[in-house]
Each structure stands twice: as structure tokens, then as C-alpha cells.
Amino acid sequence: MPIHDPVQDLKDIFTAALDRIDPYKMIKSRVRLEGDVLVVDIEDNPRRVDLSPFERIIVLGGGKASARMARAFEEILGDRITDGLVVVKYDHTDDLRRVRQRESGHPVPDQNGVDAARELAALARAADERTLVVTCISGGGSALLPAPMTCDAGGQRIELTLADKQETTRALLACGADIKEINCLRKHLSDLKGGRFLRLMAPARSLNFILSDVVGDCLQTIASGITVADEGTFADAMAIVRKYAIAEKLPPNVLKVLTQGEQGVIDETVKPGDPVIALSDNILIGTNHAAMMAAADKARSLGYNVSPLT
């Protein structure tokens, strides 16, 4: 029986898990170009996308892993990429030539994130029906892409601020709201979250590559579901406010957005069946489960008995 160094074994197991879900490697191993066709090798639902109808291909995204994902697409698509922007955590940039990078705050959103989200939104709005948008989405996107809502409510222009959203988050954390409840309010106070990014990209088609960092891989949760239909409503958000009796602790404009939204004055987040959903394809490219199974495989190869628990 070989003698093992348990510390080294743990390092090897940990490295195997990270290697399995390396953002760059996951894209490169599953996506390739065959002539004018982009091939996505996902076992349960492979895709073949003809690129010839598109005049422009842009790469957009946000999350701690988005730069490494974008690097893979730069190598795959080369000069077919006409523009791009990804927003990453400070010191998480990569060697990109065609896709621009912006750094912003995580886990606490900052003004750089607000500015970067506006820049990303402007690129999305400029996309037309002859544009293919490739999005790179990963954990951390909620904080890295703060986009305080700007809307018309009953003839009045409301512009939420970063401070409004920060104060709201503090109130939710202090009252004991869970992450699902916090995300419900986040989505209804954002110009990007809850699928609203899809509306900005329309009428362009989008391929949305998503790297999950959440248990269960709920696409609505990863980066607050910027490309995913949202099941929550303004009424749900107001129910949370009433449940914890925090109305007086919210900034006035935040409460105004939520109450006006509940009354139907402000557009909801994107819901299942919305026409913009047909223009998008969400592709789950990596998961926590894959990392766990890689760790389990490595441990078994080292002679350990393994029982995955989730």
C-alpha cells in the first residue's frame, strides 16, 4: 500500500476540482468553430449555430470568471469578434486583445461597477438583428454589475442611486431576510437583473454561457439572472418589505419604485413567455457538482473511499 502525504493529497484533490471548472478550459473543451458554424458540445443539449447571417459578434459579460471565459472566445472566434466588454473583480483581468475589461467592487458594489454596467448596457442597446451577442456570466455578477433602476412612474422620472441600493441591502440584511428575498428586491431595483438585460440586447440573438457557483445551479440566482426569466414580482418584493416591516428604513425612491411597480405602473422583470426569451439561449457550462465529482475522482485515484454528499 503506497504511503500518502495527506496534506499533499488534499492539495491534489483541491487542484483537480478547480481544474475541472477552470472557465477558460471549460469553454475551450466544449466550444469550437467548424467553418461558419459555432459548435457547443453540451451532452444533454448540443448546439450548432450558423454564424454566417451575423454581421457583428460582440462578447459581453460580468462575473469573477468572465475574463477567462472571454479569453477562450477570443481564441475560438478570433477576428470575428467586433467588440466586447466584460466586468470583473479587481485584479481578475486576463490577457484580452479584442474584448475590453472593466474592474469593479465585490462583494460590495462601487461606483466603478455602476459605470461599467452602464457601458455594458450601451453596448447591448446598440446590438441589432444582425448581431450575435456572446455573454460570459459567472458568480459575482450581482455585485460587479450594479445597475440602479431608472424608470418613469406615473409621469415622474425616478433614478435610483448606488447609495439607495446599498441602504436597501443593509436594511434587508439587518432584518434577517434570506438570500432569495434579498435577490427578489435586487432584481426589482435593477436595469439589468431579472432578465432585463435580454430586453436591452433585443432584437439581437444571444448565446449566454453561464458558470454556476450556487448549489442547485438555479439560473435565476447566478448573477441575479440577467439573461433568465424571473418568477418573482413587485408584489412579492412588497410582501417582503411588509413581512419585515422595513418600509420606513428604505430610501424614499426605492419605496416609490416598489409601490408603483406593485400597482403596475412600472414594467415587471422578464417573465416566462416574454418574446425576448426566444432570442436567447442560456448554456450552463460549468457547475459546483462538476467540481465535486472531479474531487471525488481524484480522491478515489489516491485510494480513498469517497461518498459525495450533494
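Under this note's numbering, the sequence shown has 170 at position 181, and the numbering climbs by one with no breaks.
The beta-carbon is built from N, C-alpha and C at its ideal position, and this holds for glycine as well.
A quick note: this is a predicted structure, and the numbers were derived from the prediction, not measured.
In whole angstroms, what separates the C-alpha of G214 from that of H(-7)? Counting from 1 along the sequence shown, the entry for residue 214 is found at position 225. Counting from 1 along the sequence shown, the entry for residue -7 is found at position 4. Their backbone Cα atoms lie some 44 Å apart in a straight line.
With a CB to CB cut of under 7 Å and the five nearest residues on each side skipped, what residues in its chain are close to L247? Counting from 1 along the sequence shown, the entry for residue 247 is found at position 258. Cβ within range, chain order: H177, F223, A226, M227, V230.
Could you check if D25 is buried or exposed, using at least 16 other CB atoms within 10 Å of its CB as the buried criterion? In the sequence shown, residue 25 corresponds to position 36, counting from 1. Flag for D25 reads exposed.
Which one or two residues does DSSP pair with P137 in a beta bridge? By 1-based counting over the sequence shown, the position of residue 137 is 148. BP columns for P137 point to S179.
Take L85 as the anchor and find which of D68, V97, D99, P98 has the nearest alpha-carbon. Here residue 85 corresponds to residue number 96 of the sequence shown, with the count starting at 1. Closest option to L85, Cα to Cα, is D68.
I need the straight-line Cα distance from I126 to I272, nearest angstrom please. As a working mapping, residue 126 is identified with position 137 in the sequence shown. As a working mapping, residue 272 is identified with position 283 in the sequence shown. For I126 and I272, the distance between alpha carbons rounds to 10 Å.
Suppose you measure from the CA of L49 to the CA of F186; what does that come to, to the nearest Å? Taking the first residue of the sequence shown as 1, we reach residue 49 at position 60. Taking the first residue of the sequence shown as 1, we reach residue 186 at position 197. Going from the Cα of L49 to the Cα of F186 covers about 11 Å.
So, using beta-carbon positions, are G184 and T216 closer together than 9 Å? On the sequence shown, residue 184 is found 195 positions in, with the first residue counted as 1. On the sequence shown, residue 216 is found 227 positions in, with the first residue counted as 1. Yes, these two residues count as a Cβ contact at 9 Å.
For A61, which residues from the same chain have a beta carbon less than 6 Å from its beta carbon, with the 5 sequence-adjacent residues on both sides left out? Here residue 61 refers to the residue found at position 72 of the sequence shown. Around A61: Y13, I16, K17.
Whole beta strand (DSSP E) runs in the stretch 138 to 216 with 3 or more residues, listed along the chain? 139 to 142, 145 to 148, 194 to 200
I'd like to confirm the pairing. Which residues does DSSP put opposite G94 in its beta bridges? Here residue 94 corresponds to residue number 105 of the sequence shown, with the count starting at 1. Its beta-bridge partners do not exist; DSSP assigns none.
Identify, in the order they occur along the chain, each residue of the same chain with its Cβ nearer than 7 Å to the Cβ of T71, setting aside the five sequence neighbours on each side. Taking the sequence shown and counting its residues from 1, the one referred to as residue 71 is at position 82. For T71, where only same-chain residues beyond five positions count, the Cβ hits under 7 Å are R45, I46, I47.
Is the stretch 20 to 35 in contact with the stretch -8 to 10, if contact means three or more CB pairs nearer than 8 Å? no
Is the stretch 143 to 160 touching the stretch 187 to 200 in the sense that three or more CB pairs, one from each, lie closer than 8 Å? no
State the Cα-Cα distance for the pair K238 and T157, rounded to the nearest angstrom. Indexing the sequence shown from 1 puts residue 238 at position 249. Indexing the sequence shown from 1 puts residue 157 at position 168. Computed Cα separation, rounded: 8 Å.
Can you tell me where the alpha helix (DSSP H) with N34 in it begins and where it stops? Position 45 of the sequence shown, counted from the start, is the residue given in the question as residue 34. Per DSSP, N34 belongs to no alpha helix (DSSP H) and is neither H nor E.
Kindly confirm or deny that the stretch 84 to 102 and the stretch 120 to 136 touch, where touching means at least three C-beta pairs closer than 8 Å. yes
For E118, count the other beta carbons within 10 Å of its own beta carbon; 16 or more makes it buried, fewer makes it exposed. Which is it? Counting from one through the sequence shown, the residue named residue 118 turns up at place 129. With fewer than 16 Cβ atoms within 10 Å of its Cβ, E118 is classed as exposed.
Which one of L74, T82, Q145 has the shortest CA to CA distance from L112? By 1-based counting over the sequence shown, the position of residue 112 is 123. Checking every option, the nearest Cα to that of L112 belongs to L74.
Excluding the 5 residues flanking F300 on each side, which residues of the same chain have their C-beta closer than 8 Å to its C-beta? Beyond the ends of the chain as shown, which are -10 and 299, falls residue 300; an answer cannot be given.
In chain order, which continuous runs of the alpha helix (DSSP H) of length 4 or greater are located wholly inside the stretch 41 to 128? 55 to 66, 100 to 114
Taking buried to mean at least 16 other C-beta atoms within 10 Å of its own C-beta, is S296 buried or exposed? Numbered from 1 along the sequence shown, position 307 holds the residue referred to as residue 296. With fewer than 16 Cβ atoms within 10 Å of its Cβ, S296 is classed as exposed.
Between A106, A163, G221, A280, which has its C-alpha nearest A234's C-alpha? Here the question's residue 234 lines up with position 245 in the sequence shown. Minimum Cα distance to A234 is reached at A163.
Note down the Cα distance separating Q90 from A280, rounded to an integer number of angstroms. Position 101 of the sequence shown holds residue 90. Position 291 of the sequence shown holds residue 280. About 27 Å.
Can you tell me whether V76 is buried or exposed? The criterion is at least 16 other CB atoms within 10 Å of its CB, across all chains shown. Position 87 of the sequence shown, counting from 1, holds the residue named residue 76. Classification for V76: buried.
Tell me whether I255 is buried or exposed, calling it buried when 16 or more other Cβ atoms sit within 10 Å of its Cβ. Mapped onto the sequence shown, residue 255 falls at position 266. I255 comes out buried.
From P96 to H81, what distance separates their C-alpha atoms? Numbered from 1 along the sequence shown, position 107 holds the residue referred to as residue 96. Numbered from 1 along the sequence shown, position 92 holds the residue referred to as residue 81. One C-alpha to the other measures close to 14 Å.
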